[in-house]
Every structure is written in structure tokens, then in C-alpha cells.
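Undergrad: Numbers given in my numbering equal positions in the sequence shown, counted from 1, plus 1245.
Each residue gets a CB set at the ideal place from its N, CA and C atoms; glycine is no exception.
If you scroll down you'll find the structure; I have some questions about it.
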Amino acid sequence: MVDIECNEIFFGIDSFNYFLEEENLWNVEKYWKLEYFLIKLCANLEDEQVLHRELVANLYYLSFSINNLINSHKDTSDFYEIKNFNEDEADYCRDRLNYIMRILWGRIPFNSHDYMITSNPLIQKELNLSK
């Protein structure tokens, strides 16, 4: 995948992370788009032994940022607040994000039939269209 495309999906003004970090807004539709892209990235990188340094740095920052922002919102002593925040949904999405990051870091093998992969609504839509 092209680094420019990754940077736009990860940090562009229409990205999930941008809305979370800059707009203080939880947008689950944007989360699903990010996760869909990350799943496709997992599939494309499945046979790679080494990841490009910039991609690794961006993946780390993306994951760290999203986890940190959710934790900050949940911390009653922190003044960061996310609008439209649904704690159950955020915890579910964060668990999914961390699972996908573990695939990208090579800690879990990529399996396109894995429930965590196929339960993404955009993947489900794609699977239904191919039937």
C-alpha cells in the first residue's frame, strides 16, 4: 500500500483518528472504514517479513493515539471528552483495533476467515456482494 494512502486513511481530515483527536467526536462509521483498511493492509502484508519503517511508526502512533484518547475520556480526572461516546462500543472497537494491530505486528497469523475479520460490517458487505 502506498504510504500517502496510509497517511490519509490514518491521519487525514476525514479519518477516524482526526475526528477523535481534533474534533473530539466518536464516529463508529469512520472506525469501521479504518478497520477495513487495516484488514486489507494485513492481507497485503501477509507474506512480508519486514515492514517499512514509516508504516511501522504510523501504525504505532495510530494505535497509541486511539487507545490513549479513549483512556483519557474514561479517566474522570482528565478533561478530555469525546462527544457521541458509547463506552461499550468504544471498548469493543478498541479490542478489535488492538487485535488487528497484533496481526500487523506478527503476533497473530492473518486468517481471512477469522471472526474478528469477517465481523467487520464492510467485510460482511463485501462477502455478501461476492455471493
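1) Beta carbon of Ile1327, beta carbon of Asn1365: below 8 Å?
2) Please state the DSSP three-state secondary structure of Leu1296.
3) How many angstroms separate the CA atom of Phe1261 from the CA atom of Leu1314?
4) Are the CB atoms of Asp1248 and Leu1300 nearer to each other than 8 Å?
5) Buried or exposed: Val1276, going by 16 or more other Cβ atoms within 10 Å of its Cβ?
6) Can you give me the Cβ contacts of Phe1256 inside the same chain, cut-off strictly under 8 Å, excluding the 5 residues immediately before and after it?
TA: With the given structure in hand:
1) It is not a contact, given that the beta carbons lie outside the stated cut-off.
2) In the structure shown, the three-state DSSP call for Leu1296 is coil.
3) Those two C-alpha atoms are separated by around 12 Å.
4) Yes.
5) Looking at the sequence shown, residue 1276 is not Val but Tyr. So Tyr1276 ends up on the buried side.
6) Asn1262, Tyr1263, Asn1303 and Leu1307.
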